[in-house]
Amino acid sequence: MNSPIDLTIFKDYDIRGVYPTQINVKVFTAIAYAIVRQFQPKTVAICRDMRLSSQKIRDSLVDVFTTLGIDVFDAGLAGTENQYFIAGTKDYDLVIMISASHNPPEYNGMKVVKKGPVAVSGDSGLYAVRDQIKNGPLPPAVKKGIVTNIDLWNEWKQKIHSIVNTSLLKPLKVVADAGNGMAGKIVPYALEGTPIQLTPLFFQLDGHFPNHVPNPLIPENNKAGQEKILEIRADVGVTFDGDADRMFLIDDKGRFVPGTITTALLARYILENHPGETVLYNAICGRIVPHVIEQYKGKAIRVRVGHSPIKLKMRETNAIFAGEHSGHYYYRDYYCAESGILSALMIFALLSKSDRKLSELVDELNIYPSSGEINFSVSDIPSVLSAIKAAYADAVSTDELDGVSVWYPTYWFNFRPSKTEQLLRMNIEADTADILKQKTDELLSKMASFGAKIK
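Start counting the sequence shown at 0; every next residue gets the next number (numbering that gives the first Met the number 0).
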């Protein structure tokens, strides 16, 4: 390539940037050649989301792959969990998902998965693709590859319905907010043949995101769903990000349910049916998660944040389930991959079995006040982490599984570096609201003394 490419678009788990300044057809053409150099695939499947630039990116990839004699299997509009389904059930060498998940409309990107499925992260090939870009195009093949459209939906629905026994579902009143993202296409397929009474919000696929950006972690994005739940007296609300791999709950009182609590709910439901199994949870999940796992006779293992380490650990330990505070939930029966839709069905099954409201189940588990994630701009992350450890050297325990976690009898906290920015992310949880406020103020003061600024 003669013109430089902004190589910061290559992240630990995906390629992502602003279209058309950071990423565009020319950039993805170069990336396609680099992918072929690195992996030498004979077959590639492609999924894409509803973003305004996704079709153009798809076309640029198809042009390169077919020119090089590679057969392309086009799954069309789909979600990230469909990417994993294809890689787990078919024999394609690579499966590519074109998406920027929860980011604003001007962003796009891609995730790469090898058959298995095995996600391609920075250390397992994505950075090698980045380094191949400098080697430029490859000569065309004598015989062009062909493009075949594939329809995955019936087979995919059968798969998720085989994991959750949908015949046991009751006619729950469900509000689902797709945020004009891919859940708008996926949820109706998943609920076909079930008695669920669905009230859909923003199911029309629209990369402009005219109602709100599909990011459930921004509180105002959940307002419409919360109001609708109260208006129709729904049993539960579910809200998804743009590629539908993350799912969050809103209870029957219109309250947003943190990912930690959903992880505990799902772990309890799964262990009630599969006692003695191993369940993973990430380093910033609250204490209620391991308590529930152990209470229901499971083996609790704490792991680093992020889908790549979680999937590796799931395979290593044969874990049946893993949950993240971020709203990603992973299932052994679903290729050790995340599925927002399967998670929603699990919750519907849980509520169908229970004689209690979701709000009651949440209140039973939501007993530890927490700060939520607080981000700090930090110039020297290793030095600040060392200073934190020194300042809390009298802790009951400290670990460096993911950043630094510090444990005291009545509270604990974690600082971990961002994967993509010069930030430290703080989470703190305590036994009471008073302790939480006291310790949060204390940590904010200490971070200021270290030169860190809240971002």
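Beta carbons are placed, not taken as given, at the ideal position from N, Cα and C, and that holds for glycine.
{"Query": "Grouping DSSP H, G and I as helix and E and B as strand, with all else coil, what is M0?", "Result": "With a pLDDT of 43 at M0, under the threshold of 50, the predicted position of this residue should be treated as unreliable, though the coordinate-derived value follows. Of the three classes helix, strand and coil, the one that applies to M0 here is coil, per DSSP."}
{"Query": "In angstroms, rounded to a whole number, what distance separates the CA positions of N213 and T316?", "Result": "First, the amino acid is wrong: residue 213 is Pro here, not Asn. Computed Cα separation, rounded: 33 Å."}
{"Query": "If I follow the unbroken beta strand (DSSP E) through G236, where does it start and stop?", "Result": "235 to 239"}
{"Query": "Per DSSP, which one or two residues make a beta bridge with F208?", "Result": "Looking at the DSSP assignment, F208 forms no beta bridge with any residue, so it has no partner."}
{"Query": "Determine, using beta carbons only, whether P139 and L67 come nearer to each other than 8 Å.", "Result": "yes"}
{"Query": "What are the start and end residues of the beta strand (DSSP E) that includes M446?", "Result": "Careful: M446 lies outside any beta strand (DSSP E), inside the alpha helix (DSSP H) at 432 to 448."}
{"Query": "Suppose contacts are defined by Cβ-Cβ distances below 8 Å. Is E372 in contact with D244 by that definition?", "Result": "no"}
{"Query": "Look at the Cβ atom of L151, then the Cβ atom of P104, and state whether they are nearer than 8 Å.", "Result": "no"}
{"Query": "Reducing DSSP to helix, strand and coil, say where P308 ends up.", "Result": "helix"}
{"Query": "Could you check which residue in A282, T277, V256 has the C-alpha nearest to that of I346?", "Result": "V256"}
{"Query": "Look at the Cβ atom of D48, then the Cβ atom of M246, and state whether they are nearer than 8 Å.", "Result": "no"}
{"Query": "CB-CB under 7 Å to G402, same chain, minus the five flanking residues each way: which ones, in chain order?", "Result": "L384, N413, F414, R415, P416"}
{"Query": "I'd like the list of long-range same chain contacts for I463, defined as Cβ closer than 6 Å, with 5 residues on each side in sequence excluded.", "Result": "What is shown of the chain runs 0 to 454, which leaves residue 463 out entirely."}
{"Query": "Expressed to the nearest angstrom, what Euclidean distance is found between the alpha-carbon atoms of V302 and V112?", "Result": "22 Å"}
{"Query": "Expressed to the nearest angstrom, what Euclidean distance is found between the alpha-carbon atoms of E359 and L197?", "Result": "22 Å"}
{"Query": "Assuming contact is defined by CB atoms lying nearer than 8 Å, are F201 and N221 in contact in what I supplied?", "Result": "no"}
{"Query": "Which residues share a DSSP beta bridge with K352?", "Result": "None, per the DSSP bridge assignment."}
{"Query": "If I measure Cβ to Cβ from K10 and keep anything under 6 Å in the same chain, skipping five residues before and after, which residues do I get?", "Result": "T419"}
{"Query": "Please list, in chain order, all residues of the same chain as L204 whose beta carbon is under 8 Å from its beta carbon, the five residues on each side excluded.", "Result": "M49, L76, N179, G180, M181, G183, K184"}
{"Query": "S120 to E230, Cα distance in whole Å?", "Result": "43 Å"}
{"Query": "Mind listing, in chain order, the continuous alpha helix (DSSP H) runs of no fewer than 4 residues lying wholly within the segment 259 to 322?", "Result": "287 to 294, 306 to 316"}
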